[in-house]
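Asker: Here it is, the structure in full.
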Amino acid sequence: MAKNPKQKQKLLYIMKFFLEKTDEEYGVTVADIIEYLSEYGIEAERKSIYSDIECLRDFGMDIVKSKVGKISLFSLVSRDFTTEEIKLLIDAVQSSKFITLKKSRELIRKIEGLTSENQAKELHRQVIVANRVKNSNEDIYRNIDSINRAINNKRKISFYYNMWQVSRTGARKIVKVRRHDGARYLLTPKALTWDDENYYLIAYDKDADMLKHFRVDKMESIEVEDERADSVKSVDKFDLAVYTKQVFGMYGGETVSVKLRFDDSLIGVVADRFSDKVFIMPHSDGTFTVGTEVMLSPQFYGWVFSFGDKVRIVSPKSAKEGFKEYLDRVTTIY
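Take -16 as the starting number for the sequence shown in the numbering used here and just add one per residue.
See below:
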């Protein structure tokens, strides 16, 4: 009788069994392992199973033996990811508007595969994605892959960019239209970043000689071009961490050095926005001054306004005047 070709894979099936069926709370017996192997036509003796378990331990698997009465149980008690870490990953996926409902479910199912079936069931009971606001662009993975390849290979990308408009003809509804007069953008991609629950591409526009932002889920028909990426000294030194501190709501504008005077009660806000290592100048009246670089935009002014009289733009004059103009525009509609 021909030997089952899967017999050579015996150790791999035992590893799979431990990964899927055991954890800190659930163990299996040698008899369970033998029965599992028999489902695949693999014959095994008890003695060989003990030897296989030792082999897996030598390989690095944290398999522990425990006793329940006279019954010996074996469990895989540690993995690359803890249950808490897996829960964090699932929470990040399900709370992201950027990832579509379909992709969210696929990703969560794969993440749950990082733990045992029993723990995955417990995690799955806590997963709720159906009623969350989710994007509908199913090309999101392809977009990210194309952008990453272009960045790594120092190539330009081209794409269409969509925006939402109010339809004023026929049925009143929100419609999608292409920006840039319907033409494709041709830009040098620099980085991908996450801001305010959305994923953005930061790219260099040679014609405008500036960095621009694009929401990846609004990008369509991305192509990696043969044309080499533009190399500009100032842009090549681009620091994503510094850049994202300057931008508010991913809206660009003139970059200026500003001084802001805050009430002491807003120290936590400043630490969250500019990091807890930002230099501050305390004052005796219960306020402190911060100097930093920002991009002047309606989003920056709106951020300042949200704190009422607890923050003031000290300098430069252009930022103070820009804030006043922002306030005038808002008050005129009331």
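A virtual CB, placed ideally from N, CA and C, is assigned to each residue, including glycine.
This one's a predicted model, so the numbers in the text were calculated from it and none came from an experiment.
Let's test the definition: count the other Cβ atoms within 10 Å of the Cβ of residue 6 and tell me whether it reaches 16, buried, or not, exposed.
Answerer: As a first step, residue 6 is located in the sequence shown; it is residue number 23 there, counting from the start. With 16 or more other Cβ atoms within 10 Å, it is buried.
Asker: Please work out which residues of its chain come closer than 7 Å, Cβ to Cβ, to residue 107, disregarding the five sequence neighbours upstream and downstream, and give them in chain order.
Answerer: The sequence position of residue 107 within the sequence shown is 124, counting from 1. Excluding sequence neighbours, residue 107 sits near 95.
Asker: Using 8 Å as the cut-off, can you tell me whether the stretch 25 to 43 makes contact with the stretch -11 to -3, which would need three or more C-beta pairs spanning the two stretches below that distance?
Answerer: Yes, they touch.
Asker: Quick one: give me the first and last residue of the beta strand (DSSP E) that residue 274 is part of.
Answerer: Locating residue 274 in the sequence shown gives position 291, where the first residue counts as 1. That run of the beta strand (DSSP E) goes 270 to 279.
Asker: In terms of alpha-carbon separation, which member of 21, 195, 9 lies closest to residue -3?
Answerer: Residue mapping note: residue -3 aligns to position 14 of the sequence shown, counting from 1. It is 21.
Asker: Provide the residue(s) that pair with residue 146 in DSSP beta bridges, ordered along the chain.
Answerer: By 1-based counting over the sequence shown, the position of residue 146 is 163. In the DSSP output, where bridge partners are listed per residue, residue 146 has 160.
Asker: Is the beta carbon of residue 81 closer than 8 Å to that of residue 145?
Answerer: Mapped onto the sequence shown, residue 145 falls at position 162. Mapped onto the sequence shown, residue 81 falls at position 98. Against a cut-off of 8 Å, the Cβ pair of residue 81 and residue 145 comes out as no contact.
Asker: Leaving aside the five residues before and after residue -16 along the sequence, list all residues of the same chain whose C-beta is less than 6 Å from its C-beta, in chain order.
Answerer: The count along the sequence shown starts at 1 and reaches residue -16 at position 1. Its pLDDT being 41, under 50, residue -16 is placed unreliably by the model, and nothing is read from it.
Asker: Among 2, 13, 51, 245, which residue has its Cα nearest to the Cα of residue 266?
Answerer: Within the sequence shown, numbered from 1, the residue matching residue 266 stands at position 283. Of 2, 13, 51, 245, the residue nearest in Cα terms is 245.
Asker: Just curious, the beta strand (DSSP E) that residue 206 is in, first and last residue?
Answerer: By 1-based counting over the sequence shown, the position of residue 206 is 223. Note, residue 206: beta strand (DSSP E), 202 to 211.
Asker: Taking only three categories from DSSP, how would you classify residue 241?
Answerer: Indexing the sequence shown from 1 puts residue 241 at position 258. Three-state DSSP puts residue 241 in a strand.
Asker: Please name the residue, chosen from 31, 19, 99, 69, that lies closest to residue 58 on a Cα-to-Cα basis.
Answerer: For this step, residue 58 is matched to residue 75 along the sequence shown. Taking only the C-alpha atoms, the option nearest residue 58 is 99.
Asker: Could you tell me whether the Cβ atoms of residue 90 and residue 64 are closer together than 8 Å?
Answerer: Numbered from its first residue, the sequence shown carries residue 90 at position 107. Numbered from its first residue, the sequence shown carries residue 64 at position 81. Cβ atoms of residue 90 and residue 64: not closer than 8 Å.
Asker: Run the CB neighbour count on residue 27, radius 10 Å, all protein chains shown included, and call it buried at 16 or more, exposed below.
Answerer: Position 44 of the sequence shown, counted from the first residue, corresponds to residue 27. Classification for residue 27: buried.
Asker: Please list, in chain order, all residues of the same chain as residue 170 whose beta carbon is under 6 Å from its beta carbon, the five residues on each side excluded.
Answerer: Looking up residue 170 in the sequence shown gives position 187. Result list for residue 170: 186, 188, in chain order.
Asker: Exposed or buried, what is residue 296 when buried is set at 16 or more other beta-carbons lying within 10 Å of its beta-carbon?
Answerer: Working through the sequence shown from its first residue, we reach residue 296 at position 313. Classification for residue 296: buried.
Asker: Measuring straight from C-alpha to C-alpha, what distance separates residue 70 and residue 261?
Answerer: If you number the sequence shown from 1, residue 70 lands on position 87. If you number the sequence shown from 1, residue 261 lands on position 278. If I take the Cα positions, the gap works out to 32 Å.
Asker: Could you please give the first and the last residue of the uninterrupted beta strand (DSSP E) stretch that includes residue 44?
Answerer: Here residue 44 is taken as the residue at index 61 of the sequence shown, counted from 1. Here residue 44 belongs to no beta strand (DSSP E), and DSSP marks it neither H nor E.
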